[in-house]
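Below is one structure, written out as structure tokens, with a few remarks after it.
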Amino acid sequence: MCQKTYICIDLKSFYASVECVERGLDPLTTNLVVADPERTEKTICLAVSPSMKRAGVPGRCRVFEIPPNIKYIMAPPRMQLYIDYSAEIYGIYLKYIAKEDIHPYSIDEVFMDITDYLSMYRLTAEELCRKMILDVLETTGITAAAGIGTNLYLAKIALDITAKHVELSSGFRKGTAIPIGTLDEESYQKTLWDHKPLTDFWRIGPGTARRLERVGIHTMKEITEADETMLYHLFGVDAELLIDHAWGRESTTMADIKNYKSKDTSISSGQVLSCDYSFEDGKLIVEEMADLLCLELVDKGLVTSSITLHVGYSPRSGRKSAHGTTAMTLTTSSARAIISCALNLYEQIVDQYTPIHRVNLSFNHVMDELYQQYDLFTDPAALEREHQLQKVMLDIKEKYGKNAILKGMNLQKNATTMERNQQIGGHKSGTN
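The structure is reproduced here in structure tokens:
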């Protein structure tokens, strides 16, 4: 079996770089943050430009945390614009690599299996990386970094840790200072086994790091030397992946990713409210979210039989979030049935006297509408009439915009649907 070669390419400070390019500015020398100026100084910056990172400003800081001596441009987020840039860059990758060998990991990061392309192009992995990254730069003005590894995990670590040692500079445009890291199992063990902190490694968050620290483990090498029974006791089946990664091993291939099919599916919606909401206003938010998710079901030809609701209280309350799941007596996309079920669940699990700040709603066990089921108290004809009405609403929204047709609840004072219909991922979608 031949040794695989994977690469992971990350678009550097993507949102901020797009905003710089759109203004005719150099992302490498311009101080710019992407954040909504209409929100408070506590709002999180979605991205900061590379020059601000060099000045010590972290990528996901809050606006008030930016040192006052740093002058910068604040750019409101434009999510649709970033999606358009990402699609264009994906098209550039397709000039070199077939889609079957590319896995988009996020809007600004991709994995590629380039094993069979190196001999075809007669290039090394680093040369092919450099060629694609420079093409992205020349076409869009966006800078990127890359990691090369003998498995997917090592490619990611080569990007996240090794490539970071190559600082973005003016030499990038000449192809002489592109941040590219390369790892195999041997070099990983030699150079990164003693690397700290552990949270620099993919899939090791602060919680995992704290649990490891409590048993005296601070490095990847110490994980390989630890008693495996103890690790399985701490992390269950996740210990297997932790141990493999400590050795620099990863069995998942690109083919595994492409062939993966989830055993269960769901759709969900969530929002952090602009201020604390009362119990009644929170109920309105749940009703709006359930209604929109029902339209999504109809649009995709799906039905659901179970709902999960998670409601986070105001941080000032100090109370633990409310959480609950309920099964319905029918499998449906009916807004009338699903909203009623969601509101009943809300009233059962949410405290009436504690302000609400966050709401997440999920429809579970989503399946094709061919599996729609009724209970003894359901009128199939009424459900069909509602279904046709939902389809008409979707057609109108498709033709004239999401806010072209609204319900009375969407016009109430504390409703959020009209505003959210103009957003992508909770942020402004405008391209202007």
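Heads up: the sequence shown begins at 21 in the working numbering, then just goes up one per residue. Where is the CB? At the ideal position from N, CA and C, for every residue including glycine.
- Around the CB of residue 156, 16 or more other CB atoms lie within 10 Å, so the residue is classed as buried.
- Here residue 71 is near residue 50, since their CB atoms are less than 8 Å apart.
- Looking at the DSSP output, residue 430 shares a beta bridge with no other residue.
- Rounded to whole angstroms, the gap between the alpha carbons of residue 172 and residue 341 is 36 Å.
- Beta bridge pairing from DSSP links residue 30 with 129 and 165.
- In terms of Cα proximity to residue 300, the closest of 238, 343, 434 and 219 is 434.
- DSSP, reduced to helix, strand and coil, places residue 253 within a helical segment of the structure shown.
- Secondary structure at residue 70: helix, using DSSP grouped into helix, strand and coil.
- Scanning the segment 50-111 for uninterrupted beta strand (DSSP E) segments of 3 residues or longer gives 52-54 and 93-95, listed from N- to C-terminal end.
- Residue range 299-320 is occupied by the alpha helix (DSSP H) that includes residue 318.
- For residue 36 and residue 103, the gap between their C-alpha atoms comes out near 13 Å.
- Shown here, residue 370 sits in coil according to DSSP, grouped into three states, outside any helix or strand.
- Under DSSP, the beta-bridge partners assigned to residue 378 are 292 and 332.
- Here residue 375 is buried. Its C-beta has 16 or more other C-beta atoms within 10 Å.
- Inter-segment contact for the segment 343-358 and the segment 277-284 is absent: fewer than three beta-carbon pairs are separated by less than 8 Å.
- Annotated three-state conformation of residue 343 is strand, per DSSP.
- Taken through DSSP and simplified to helix, strand or coil, residue 238 comes out as coil.
- Residue pairing for residue 123: DSSP places it in a beta bridge opposite 131.
- Straight-line measurement puts the Cα of residue 237 at about 11 Å from the Cα of residue 247.
- Counting only residues of its own chain and dropping the five nearest sequence neighbours on each side, residue 415 has no CB closer than 6 Å to any other CB.
- Between residue 328 and residue 153, the alpha-carbon positions lie close to 42 Å from each other.
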